[in-house]
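*Asks:* If you scroll down you'll find the structure; I have some questions about it.
Protein chains in written order, with our numbering: chain P, 184 to 295; chain S, -17 to 97.
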């Protein structure tokens, strides 16, 4: 069993929809929870991160972490065609010296 | 203009040949990483290095080798021992700072095709 599970999709939604992307994990030592966005044939870039449990909002994006359930989510409101990309969750422990553990990524298409 | 560069963007090689992928960063980051990405597989860690002249195996190191002779450079060699080398290879770097977020910055990737 992988440490981080993420449904690879693909997920296709109409423009303006609310998108929910999710990951589950098994390692209770994870403290940093990140979402990377990767456009086709490009390197991933950090979209948002949260530390420990709670919510974080940045414009149309909201990241949620539920450590009791070992479940994290990324919500995209008023989705746009420019949001079409692969979204990867990534996690690490408290130390900045440990490599990140990535999910498989969910491929999202927002249709105009 | 700071960042991570990978070259070449596309690379074709014949089966049985070794090939070296370049990764350079001018962000003054301590750590560098190599990942392999296959469709539906996400990012899998090949090797990483936290300091010059030292590196550690990741989850799928077999058939690969690396060196870290300079802080800004971390080349990856795909050897003939790698059974399925065709993939998208991503290099990343991060500033190690103890108990803080290990934000990794990625290069644009190299797509290797072995014929």
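For each residue, glycine too, the CB sits at the ideal point set by N, CA and C. The structure displayed is predicted, hence computed values, not measured ones.
For residue 18 of chain S, I'd like the list of residues in its chain whose CB is within less than 7 Å of its CB, leaving aside the five on either flank, ordered along the chain.
*Replies:* 26, 28, 42, 69, 71
*Asks:* From residue 55 of chain S to residue 10 of chain S, what does the alpha carbon distance come to, in whole angstroms?
*Replies:* 11 Å
*Asks:* Rounding to the nearest angstrom, what Cα-Cα distance links residue 294 of chain P and residue 264 of chain P in this structure?
*Replies:* Cα-Cα distance, rounded: 6 Å.
*Asks:* Does DSSP classify residue 191 of chain P as helix, strand or coil?
*Replies:* coil
*Asks:* Using a cut-off of 8 Å between C-beta atoms, extract the partners of residue 57 of chain S located in chain P.
*Replies:* Scanning chain P for C-beta atoms nearer than 8 Å to the C-beta of residue 57 of chain S yields nothing, as the closest lies near 17 Å away.
*Asks:* Taking C-beta to C-beta, are residue 286 of chain P and residue 206 of chain P nearer than 9 Å?
*Replies:* yes
*Asks:* Who are the neighbours of residue 40 of chain S on chain P, taking C-beta pairs under 9 Å?
*Replies:* 282
*Asks:* Mark residue 226 of chain P as exposed unless 16 or more other C-beta atoms lie within 10 angstroms of its C-beta, in which case mark it buried.
*Replies:* So residue 226 of chain P ends up on the buried side.
*Asks:* Along chain S, in chain order, which residues have C-beta atoms closer than 9 Å to that of residue 228 of chain P?
*Replies:* 87, 88
*Asks:* Enumerate in chain order the residues of its own chain whose CB-to-CB distance from residue 198 of chain P is below 7 Å, with the five nearest sequence positions on each side excluded.
*Replies:* Counting only residues of its own chain and dropping the five nearest sequence neighbours on each side, residue 198 of chain P has a CB closer than 7 Å to the CB of 262, 263, 264, 293, 294, 295.
*Asks:* Decide if the region 206 to 216 of chain P is in contact with the region 229 to 239 of chain P; the criterion is three or more beta carbon pairs, one per stretch, under 8 Å apart.
*Replies:* As far as the Cβ criterion goes, the region 206 to 216 of chain P touches the region 229 to 239 of chain P, which means the pair count is three or higher.
*Asks:* What do you get for residue 260 of chain P, buried or exposed, if any count of 16 or more other CB atoms within 10 angstroms of its CB means buried?
*Replies:* exposed
*Asks:* Since residue 220 of chain P is in the beta strand (DSSP E), which residue starts that stretch and which ends it?
*Replies:* Counting along the chain, the beta strand (DSSP E) containing residue 220 of chain P begins and ends at 215 to 221.
*Asks:* Answer with yes or no whether the minimum CB distance from residue 194 of chain P to chain S is below 9 Å.
*Replies:* No, residue 194 of chain P lies away from the interface with chain S (no Cβ there is under 9 Å from its Cβ).
*Asks:* Taking DSSP as the reference, what is the three-state secondary structure of residue 41 of chain S?
*Replies:* Of the three classes helix, strand and coil, the one that applies to residue 41 of chain S here is coil, per DSSP.
*Asks:* Nearest by alpha-carbon distance to residue 185 of chain P: which of S:86, S:45, S:24 is it?
*Replies:* With respect to the C-alpha of residue 185 of chain P, the residue from S:86, S:45, S:24 having the closest C-alpha is S:24.
*Asks:* Which partner residues of residue 247 of chain P appear in the DSSP bridge assignment?
*Replies:* In DSSP, residue 247 of chain P forms a bridge with P:238, P:256.
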